[in-house]
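For reference, the structure is listed below as structure tokens.
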Amino acid sequence: MSTTVAATTDEAVAGIQDGSTVLVGGFGLAGMPFDLIDALIRQGAGDLTVVSNNAGNGDVGLAALLKAGRVRKVICSFPRQSDSYVFDDLYRSGRIELEVVPQGTLAERMRAAGAGIGAFYSPVGVGTPLAEGKETREIDGRVHVLEYPIKGDVALISAHRADTMGNLVYRKTARNFGPVMATAATTVIAQVTEIVPAGEIDPETVVTPGIFVDRLVRAEARRLTVEGAR
Amino acid sequence: MTTALGTSPVLERADRAPLTTDELAARIARDIPAGSYVNLGIGQPTRIAEYLPADAGIVLHTENGMLGMGPAAVGDEIDPDLTNAGKVPVTELPGAAYFHHADSFAMMRGGHLDVCVLGAFQVSFRGDLANWHTGDPDAIPAVGGAMDLAVGARRVLVMMKLFARDGSPKLVPECTYPLTGTSCVHLVFTDHGIFEPGPEGLRVHETYGITVAELERRLGVALVG
């Protein structure tokens, strides 16, 4: 269905259910959809499975959602960082589940979900603890491990600009997981710093076509460095 | 001096001190061919960038989604939307390109990336790599892109100290830490020497501040030529 523009972030996240799998964009703080996460905290959904590269930095964004006790499980590639203290405490006290996935496999599992691929074989992780118990197959003399898609009920992503058709462009390395997550969830919600009329974004420069985006909301850019997150 | 070990000459430099981190970074930089696409791992390997000749046409890849990464950003250059894999603000060079994560890792897995340089806890004599998890029950496992790089880059170089703080070698017959990848390391650059792991055993190319005989004693292995 076509993209709708929400008036507020609260309207944008309306209807997210308890127990949902939520894909959360961002690599560290770059591309983190801060305002949508704050709205999700206000909205109240809990028992969430969050899929994101990291498990929160400082006290903001994903870390704030974890701190609010809304997350049952995190699927990510790199939870442990110098400022991941919120996650670290939850994990060490047994109050959160963790599934660690190699970073490229995490991206590709979401890509597969978005592209309608049933599963795929990858050479990454073979012979390591992260491939234990997984089906393997030798292809062209190399052992591969079978990886299944990760599909979200919801994706919360941040982009730079959108037009009213939902076409998105990103900014620098804040793009990271946004375009992949936008394909991989039932409901995709994007916060952007600017929404322009259709036709104002050069079609040649669109990164995420509007077909992947369900809801748009405008929010001020909150570009935080690591120091700014505490 | 150059000494013969098996069939290949070894550059044995027992008369000098082991390499400093900067000397090691410069030594690795010399082995990166002009025109390569290169990923430098978080931590010490980042230093190698300072020693890559500006005219060599080497393009740095950062797995969070950029080719043509420039030096760390300072002052007004700092833009939180532009960071490296270690989340440090960086700059872009002319000809840079941005892309999403699935494309970024396709560049590795698909064999498009020429070289990566990674840190390591341990490397085995046949080239198994352990660099993501100590296996300590209290440790929080975090793999990031290490497994993708170890399997995907066409040439995997390791930069590490040869001995841990307690004096035990980090080049080992079998890794005791959880593996990142199997038989994936092509060359190991250390403060005490440069080694090539492989199915026939551990080859030594150069030594610094130590003789081949002393290396064999401390590593507990007969080095092959």
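Protein sequences, first through last, are from chains A and B.
Using the numbering used here, you'd call the opening residue of the first sequence number 1 and step up by one each time.
Using the numbering used here, you'd call the opening residue of the second sequence number 1001 and step up by one each time.
We put the beta carbon where it would ideally sit given N, CA and C, even for glycine.
query: Beta-carbon spacing of residue 1119 of chain B, residue 1201 of chain B below 8 Å; result: no
query: Host beta strand (DSSP E) of residue 1098 of chain B (start-end); result: 1090–1098
query: Residue 179 of chain A versus residue 90 of chain A - alpha carbon distance; result: 30 Å
query: Residue 62 of chain A burial status per 10 Å Cβ neighbour count (16 or more: buried); result: buried
query: Residues that DSSP places opposite residue 1170 of chain B in a beta bridge; result: Answer by DSSP bridge pairing: none, since residue 1170 of chain B is not bridged.
query: Interface residues of the stretch 15–46 of chain A facing chain B [CB-CB below 7 Å]; result: 27, 28, 29 and 30
query: DSSP three-state assignment for residue 1186 of chain B, whether helix, strand or coil; result: coil
query: Residues of the stretch 74–104 of chain A whose Cβ lies closer than 7 Å to any Cβ of chain B, in chain order; result: 77, 78, 79, 80, 88, 91, 100, 102, 103 and 104
query: Complete runs of the beta strand (DSSP E) confined to the stretch 84–128 of chain A [at least 3 residues]; result: 97–100 and 120–122
query: Proximity test, Cβ basis, 8 Å: residue 1148 of chain B and chain A; result: yes
query: Within-8 Å CB hit, residue 1043 of chain B to chain A; result: no
query: Cα-Cα separation between residue 1190 of chain B and residue 1204 of chain B, rounded to whole angstroms; result: 11 Å
query: Stretch-stretch touch, CB-based, cutoff 8 Å, three pairs: the stretch 1056–1067 of chain B with the stretch 2–13 of chain A; result: no
query: Three-state class that DSSP yields for residue 10 of chain A in the structure shown; result: helix
query: Contact check, residue 1157 of chain B vs residue 1193 of chain B, beta carbons under 8 Å; result: no
query: For residue 1055 of chain B, three-class secondary structure by DSSP; result: helix
query: Chain A contact residues for residue 1067 of chain B, given Cβ-Cβ distances below 8 Å; result: Near residue 1067 of chain B there are no residues of chain A at all, since even the closest Cβ is about 11 Å away, more than 8 Å.
query: Residue of A:69, A:58, A:85 and A:27 minimising C-alpha distance to residue 45 of chain A; result: A:69
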